[in-house]
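Working notes for the structure below.
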Amino acid sequence: MSSSVKLLDPAFQGAGQKPGIEIWRIENFQAVPLPKSNYGEFYMGDSYIVLQTTPGKGGSNLYDIHFWIGKDTSQDEALTAAIKTVELDAVLGGRAVQHRELQGHESDKFLSYFKPCIIPLEGGIASGFKKPEEEEYEARLYVCRGKRVVKLKQVPFARSSLNHDDVFILDTRNKIYQFNGVNSNIQERAKALEVVQFLKEKYHDGTCSVAIVEDGELYTRSNSGEFWVLLGGFAPLNKKTTGEDDVIPETTPTKLYSITDGEMKPVEGELSKGLLGNNKCYLLDCGAEVFVWVGRVTQVEVRKAASRVAEDFVTGENRAKTARITRVIQGYENNSFKSKFDSWPEGSTAPGGEEVKGKGKGKVAAFLKQQGVGAKGTIKSVQVVEEVPALLEDGGKMEVWYINDGAKLPLPEADFGKFYSGDCYIVLYSYHSGERKEDYFLCCWIGKDSIEEDQKTAYQLATKISNSYKGRPVQGRVFEGKEPPQFITLFQPMVVLKGGLSAGYKKSIADKGLTDETNKADRVALFRISGTSTHNNKVLQVDAVATSLNSAECFLLKSGSSIYLWHGNQSTRKQEQLAAKVAAFLEPGVALKRAREGKESNTFWLALGGKKSYTSEIESSETIRDPHLFTFSLNKKGKFEVEEVYNFSQDDLLTEDILILDTRAEVFVWVGQCVNVKEKENVFKIGQEYIDRASSLDGLSPKVPLYKVTEGNEPCFFTTFFSWDPNRATVYGNSYQKKLALLFGPSQVAELESMLPKQEKTTGNQGAPTQRASALAALTSAFNKSPSKSPPPEKTTANQGGPTQRASALAALTNAFKSATRKSSTLERSPSNQSGSTQRAAALAALAASFNPSAETKTSAPKPVRSNPGGSQRAAAIAALSAVLTAEKKKQSPDVSPSISTSGTPAVTSPPTADADSSEVNPSEADDSVGVAKTNKEDLSEANPSGADDSQEVAKTNKED
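Letter by letter, the sequence shown follows residues 1 to 961 in UniProt numbering.
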C-alpha cells in the first residue's frame, strides 16, 4: 500500500462495502463514526459527512458523499469536513459524487435518506449538548414544508410565528399539535402527519396524544383551546414573512466556465458534452446549484483548486448561504448534471451505468494508482441475471383486434399470437387479481413496418376501450422487438411474421414498389426460436437465407408442404421443444422433419439458396432494471423537465399528481385519482416527452414500452418496484385525508372533515378562507377583552385598544362577506336564495351598530337606554351573524363531502365523481359563529337579560331598510 493511502483517516476503513448510509461527525477535527441510533439528528453547531452507497449496474457500487454544515458550525470544522470528504472519496476510488449541504438548504437527495425528516438540534460537540433524557422536555414549535421530503425548521415559540400559508407542529410533553394554515398545501399537511407520527414514536415512546388544529377554528373546541392557550391566546395571524432560510435561489440560465490556474473563463458556444476536456476542470453555474466537473486525467492539486474556486464563486455571488455545490468526475456524472445539457451522447459509460467504457476504465484505474489510491470498487465482473419478472395471472379472457381501414376487426382465436410487422393490434386481457373483482391489461402492439395512420387509429380506439371501462385498464404501447414479459406470456407461442393484412400497409408497399413479404403457402419462410421461458420465448420470421442461422438457436424452415426443425449444436432442449410447438401452431398436422447442424440435407440448403457461413455468437437478452421515479414540469421556455424522487416509496405517489417510473425496461406514467381531466388526457404525450428526453440524455431506447397506470388499478409488474400495501390504494380522498385515515383511522377523518373549510375551485376565491379565518379571529378578540376569560393577547397593532379591535373586526368581516357575496351572486338570483344578501346586510348593520353605538340609525322609536347597551348590541350582532351563517350552511347540497384540494384539483372522499359545486359557503362557519356566541353568552346575559329582544329589534330594523 502506498504512503498516501496509509495517511488516510482510519475512521474510513471499510467504508462503502455495503449498500446504505454511513455517517461521521467532525469532533476535534477528526471524523468520528456516528451511532446508527443518532442517524437523522444533526446539531446546528457541528459538521457531518454522510456516505450513501448504492448498487450500480454490473455489480459495482455508486457513491454519494455529502458534507453537512450546521448554521452555527465553525469555519475550521466546515473546512475539516470538506477535507475529510476528499479523503473518503480517495478511499472509494476517487469517483464519488460530492455534495456540499447547508442547513436549511439541503438537497432533496440528502433529505430522502432520513424520511420523514431530519431534526436540527441546538448546540454541538464544541459547545456541549445534553442528551434528550438529561434535559427537561421543552415545548418546540416547527414549520413543516415539503411534499415528498420535509424541511423541518424550529421557529420561535410564539403566536407571531404562525401564518395562514404553512403547516406547523407544536411538540409538547404530553401532546403534539398540527396546525394547518388555511392556505397551506394539502400535500404538505399529509407529510406533516408523518412527521407528527415520527416525533411521537421517537421522543414520546408512541404514547402521547395527537391533535389537529385547523386555521379559523375557534378556541371553543377543546384541542384548539389548548393550542391557543399555549401560544398566548387566539388572535389574528400575521402575514407570512420571508426569512434568510426561506429564500429559494432562482434557477438561472446555465453558464459554463473552464478553470485554469485558479481562474474562471467563460466557455462560449451551445452547451454540449463536447465542450468538456478530460484534462481540465469546469464550473457549471445553474443558480441554485453549482457543479464542478473534473476531467478524469486531472491532477489532485488541480481538483482541489477547482473546489476552492467554486467556494469563492458562490461567496462572490452572495450565494454562499444558499447555493449547493456538487462535484462530479468525468464518467460518473449524475442525472442532475447531465439534464442541464440538451443531449449527452453515449460513448463512455462507467461500471454502474454512468460514463467511461473500455479504455476509459483502465485510464481511471491507472491514474488512481499513480496518485497512490487503490481503485476500490471501480471494476467488478459480476453478471446480473434478471429474475423471473412479475407476470399477470393466467386463466383470464383474451380479445384481440387488428387495425384495417380506420376500424378494429376481431382476430380469430386460432390466430391469437400471430402478429404481422405491417399491422397494428389491440389486445385486451381481463383477469382476476387478488381480492379485486376484475383487472384489465389493454395494449397496442405496433409493427415496425406499420403505417402511421394505423398507429394513430390503434391509440384512439384503445383509449375508447379504456374509457368504456372508466379508465381502469392498464393501458400500454408496445413496439415490435421491445415486447415486455407480461405481453409475451399471454401468447404461447408469440410469432412475429413478415408482411401485413392491413389495406393501408399493402397500399404503402405498392406505392414504394416493394415486394409484399406476407407469409403465403407457396413461399419459403424461416423462423428463429429465441428464449427458453414463457416470458421470453418469442418467434421471429427472418430472411430465408443461410446467413440467418445461428448455432446457439433453433430454427423452423417452411418450404412448400415440408417444415424442417433445425437445431444448432449449442441450442438447448427447451428451444427444441418450443420449436416443435410453434411448428404445430403454424402448420397443424404437417409432419416435422428434423435437421441437426452439420447433418442437413441438400434439399434443406437448396430452400435457403445454398449453404453459406453463419454466426455462432449468443445474443444477450438479459434485462437489467434500474427503477427511478420522477416528477415533471415545463420551464418558462416550455421545455420538459423532470426532477427525481430519490429513495422513493409508495408514499410518494400523491393522489393529486402524475409521476413517471422509469425502470430502463419500461416506462410507467402513474395518474392519481385527483388529477384533473385535461391532464389525464395528455398522459401518453407526457410519457413520450419523457422518453424523448431520456433517449438523448441517458440512452433510453425510444421504443421502450410505455404504460398508463391509474391509482387503485396498479398491476403487479408496477407494484413490484415498491414495498406495496394494497390497502393504501383503496383509501379515497386527497393526500391529507388518505394519510389521516392510514395513520389515525377513518374515525379521525370523519371528525376532521366536520371542521375542514370548503376549498374554492377558482383562483379568484382562494382568499376567502383566509378572510373568514381572520374575521372570526378579530371578532373573537374584540368581544373577549376580559383577562379572566382568555389569555392576554400579544402586543400587536390590532390589539392596542377596543376601538381599533372593533374596527379591524368589522373591516375583516366586511371583506369576508363581500367575497362570499360575489361567489354566491348567481345562486341568489333564484327565489330560494334571495334572503342571503338581505341577511348579510342585516348582520353587517347590526354588527356596525354594536361597534358604533353613537352612529345614527333609522329606527322610528329608539329603545330606552338600558344598563349595558353595548352588551345588548353585541348579542344582537352575534344573533344576526349566526343566522346568516346557519342559513348559508343549509344551502349546501347534502351529498357533497367537504374536502380540500390544491392546484385546482378536486379532492374526493369517495370514488371520483363529477365536480361538486364550488360556490357553497364554508360549512364550518355556522359552527364557528355559534362558538363565538357561546363564548360570550355568560357576559352578555348578565349585562343585558333582554338581549334577545334587542336582537329581534335590530334584525327587524335592518330588514325594513
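For every residue, glycine included, the Cβ atom is placed at its ideal position computed from N, Cα and C.
Exercise for the section: Using a threshold of 9 Å, state whether the C-beta atoms of residue 432 and residue 486 are closer than that. Expected result: Position 432 of the sequence shown, counting from 1, holds the residue named residue 432. Position 486 of the sequence shown, counting from 1, holds the residue named residue 486. The beta carbons of residue 432 and residue 486 sit no closer together than 9 Å.
Problem - Three-state secondary structure (DSSP) of residue 520 - result: Stepping through the sequence shown from its first residue, residue 520 is reached at position 520. Correct three-state label for residue 520: coil.
Problem - Cα-Cα separation, residue 290 to residue 331 - result: Residue mapping note: residue 290 aligns to position 290 of the sequence shown, counting from 1. Residue mapping note: residue 331 aligns to position 331 of the sequence shown, counting from 1. Near 18 Å, if we compare the C-alpha coordinates of residue 331 and residue 290.
Practice task
May I ask you to verify whether the segment 154 to 161 touches the segment 67 to 80, counting CB pairs closer than 8 Å and requiring at least 3?
Solution key: Here the segment 154 to 161 makes no contact with the segment 67 to 80; the two share fewer than three CB pairs at distances below 8 Å.
Exercise for the section: Please name the residue, chosen from 44, 106, 531, 605, that lies closest to residue 566 on a Cα-to-Cα basis. Expected result: As a working note, residue 566 is residue 566 in the sequence shown. Of 44, 106, 531, 605, the residue nearest in Cα terms is 605.
Practice task
Identify, in the order they occur along the chain, each residue of the same chain with its Cβ nearer than 6 Å to the Cβ of residue 325, setting aside the five sequence neighbours on each side.
Solution key: Within the sequence shown, residue 325 is the residue found at index 325, counting from 1. For residue 325, where only same-chain residues beyond five positions count, the Cβ hits under 6 Å are 100, 290, 310.
Exercise for the section: Buried or exposed for residue 547, please, with buried defined as at least 16 other CB atoms from any protein chain shown within 10 angstroms of its CB. Expected result: The sequence position of residue 547 within the sequence shown is 547, counting from 1. Per the 10 Å Cβ criterion, exposed.
Exercise for the section: Can you give me the Cβ contacts of residue 18 inside the same chain, cut-off strictly under 7 Å, excluding the 5 residues immediately before and after it? Expected result: As a working mapping, residue 18 is identified with position 18 in the sequence shown. 53.
Problem - residue 54, DSSP secondary structure in three states - result: Counted from its first residue, the sequence shown places residue 54 at position 54. Strand, per DSSP.
Practice task
Please confirm if the segment 67 to 78 is in contact with the segment 102 to 119, defined as three or more CB-CB distances below 8 Å between the two stretches.
Solution key: At 8 Å Cβ cutoff, the stretches touch.
Exercise for the section: In the DSSP assignment, find the alpha helix (DSSP H) that holds residue 581 and state where it starts and stops. Expected result: As a working mapping, residue 581 is identified with position 581 in the sequence shown. Where residue 581 is concerned, the enclosing alpha helix (DSSP H) stretches over 573 to 586.
Handout entry: Minimum C-alpha distance to residue 716 - residue among 642, 391, 672
Key = Residue numbering aside, residue 716 sits at position 716 when the sequence shown is read from its first letter. Looking at 642, 391, 672, the one whose alpha-carbon comes closest to that of residue 716 is 391.
Practice task
Determine the burial state of residue 596: buried for a count of at least 16 other Cβ atoms within 10 Å of its Cβ, exposed for fewer.
Solution key: Position 596 of the sequence shown, counted from the first residue, corresponds to residue 596. Counting other Cβ atoms within 10 Å of its Cβ, residue 596 stays below 16 and is therefore classed as exposed.
Practice task
Verify whether the separation of the beta carbon atoms of residue 93 and residue 73 is less than 9 Å.
Solution key: Here residue 93 refers to the residue found at position 93 when the sequence shown is read from its first residue. Here residue 73 refers to the residue found at position 73 when the sequence shown is read from its first residue. In this structure, residue 73 does not lie closer than 9 Å to residue 93 by Cβ.
Problem - Neighbourhood of residue 708 by C-beta, 6 Å cutoff - its chain only, sequence neighbours within 5 removed - result: Your numbering for residue 708 matches position 708 in the sequence shown. In chain order, 475, 669, 683 place their CB closer than 6 Å to the CB of residue 708, counting only its own chain and leaving out the 5 sequence neighbours on each side.
Problem - contact_flag[the segment 561 to 576, the segment 584 to 593] where n(CB pairs < 8 Å) is 3 or more - result: The segment 561 to 576, when compared against the segment 584 to 593, does touch it at the 8 Å Cβ threshold.
Problem - Sufficient close CB pairs (3 or more, under 8 Å) joining the segment 189 to 202 to the segment 145 to 152 - result: Because the criterion of three Cβ pairs below 8 Å is met, the segment 189 to 202 and the segment 145 to 152 touch.
Exercise for the section: Within the same chain, show all residues whose beta-carbon is closer than 6 Å to that of residue 172, passing over the 5 residues directly before and after it, in chain order. Expected result: Looking up residue 172 in the sequence shown gives position 172. Residues 139 of the same chain have their beta carbon placed closer than 6 Å to that of residue 172, with the five preceding and five following residues left out of the count.
Handout entry: DSSP three-state assignment for residue 97, whether helix, strand or coil
Key = As a working note, residue 97 is residue 97 in the sequence shown. Per DSSP, reduced to three states, the secondary structure at residue 97 is strand.
Exercise for the section: May I ask you to verify whether the segment 654 to 671 touches the segment 633 to 641, counting CB pairs closer than 8 Å and requiring at least 3? Expected result: Pairwise C-beta distances place the segment 654 to 671 out of contact with the segment 633 to 641, as fewer than three of them are shorter than 8 Å.
Handout entry: Residue range of the unbroken beta strand (DSSP E) whose run includes residue 554
Key = Residue numbering aside, residue 554 sits at position 554 when the sequence shown is read from its first letter. In the DSSP assignment, residue 554 falls within the unbroken beta strand (DSSP E) covering 554 to 559.
Practice task
Return the Cβ separation of residue 694 and residue 652 in integer angstroms, given the expectation that the two are a contact with Cβ distance under 8 Å.
Solution key: Within the sequence shown, residue 694 is the residue found at index 694, counting from 1. Within the sequence shown, residue 652 is the residue found at index 652, counting from 1. Contact between residue 694 and residue 652 fails: their C-beta atoms lie close to 19 Å from each other, not under 8 Å.
Handout entry: The alpha helix (DSSP H) enclosing residue 543, as first and last residue numbers
Key = Residue mapping note: residue 543 aligns to position 543 of the sequence shown, counting from 1. First-last for residue 543: undefined, no H or E at that position.
Handout entry: residue 337 - containing alpha helix (DSSP H), residue span
Key = Residue numbering aside, residue 337 sits at position 337 when the sequence shown is read from its first letter. First-last of the alpha helix (DSSP H) with residue 337: 335 to 338.
Practice task
Whole angstroms is fine: what's the gap from residue 549's alpha carbon to residue 443's?
Solution key: For the purposes of this step, residue 549 is taken as the residue at position 549 of the sequence shown. For the purposes of this step, residue 443 is taken as the residue at position 443 of the sequence shown. About 32 Å.
Practice task
Within the same chain, show all residues whose beta-carbon is closer than 6 Å to that of residue 374, passing over the 5 residues directly before and after it, in chain order.
Solution key: Here residue 374 is taken as the residue at index 374 of the sequence shown, counted from 1. Low confidence applies to residue 374: its pLDDT is 43, below 50, so where it sits in the model is not reliable, and the reading given next is rough at best. There are no such residues.
Handout entry: beta strand (DSSP E) segment containing residue 260, residue limits
Key = On the sequence shown, position 260 is the one that residue 260 refers to. Run containing residue 260: 255 to 260, per the beta strand (DSSP E) assignment.
Handout entry: Length of the line joining the Cα atoms of residue 345 and residue 262
Key = Within the sequence shown, the letter at position 345 stands for residue 345. Within the sequence shown, the letter at position 262 stands for residue 262. If you draw a straight line from the Cα of residue 345 to the Cα of residue 262, it is about 29 Å long.
Handout entry: Close beta carbons around residue 637, own chain, < 7 Å, minus the five adjacent residues each side
Key = Position 637 of the sequence shown, counting from 1, holds the residue named residue 637. Hits under 7 Å: none found.
Exercise for the section: Can you have a look at residue 634 and say buried or exposed, based on whether 16 or more other CB atoms are within 10 angstroms of its CB? Expected result: Against the sequence shown, residue 634 aligns to sequence position 634. Flag for residue 634 reads exposed.
Practice task
Below 7 Å CB to CB, which residues in the same chain sit around residue 411 once its five sequence neighbours on both sides are set aside?
Solution key: For the purposes of this step, residue 411 is taken as residue 411 along the sequence shown, with counting starting at 1. The beta carbon of residue 411 lies closer than 7 Å to those of 400, 401, 402 in the same chain, with the five residues before and after it left out.
Handout entry: Segment limits, beta strand (DSSP E) that includes residue 10
Key = As a position in the sequence shown, residue 10 is number 10, starting the count at 1. Taken as a continuous stretch (DSSP letters only), residue 10 belongs to no beta strand (DSSP E), as it is neither H nor E.
Problem - Three-state secondary structure (DSSP) of residue 687 - result: For the purposes of this step, residue 687 is taken as residue 687 along the sequence shown, with counting starting at 1. Residue 687: helix per DSSP, three-state reduction.
Practice task
Mind checking which residues open and close the alpha helix (DSSP H) that includes residue 305?
Solution key: The residue given as residue 305 occupies position 305 in the sequence shown. It spans 300 to 316 - the alpha helix (DSSP H) in which residue 305 sits, taken as one unbroken run.
Practice task
Verify whether the separation of the beta carbon atoms of residue 186 and residue 734 is less than 9 Å.
Solution key: Your numbering for residue 186 matches position 186 in the sequence shown. Your numbering for residue 734 matches position 734 in the sequence shown. Going by C-beta atoms, residue 186 is nearer than 9 Å to residue 734.
Handout entry: Closest Cα partner of residue 86 within the set 527, 449, 63
Key = Reading the sequence shown from its first residue, position 86 is the one you call residue 86. Closest by alpha carbon: 63.
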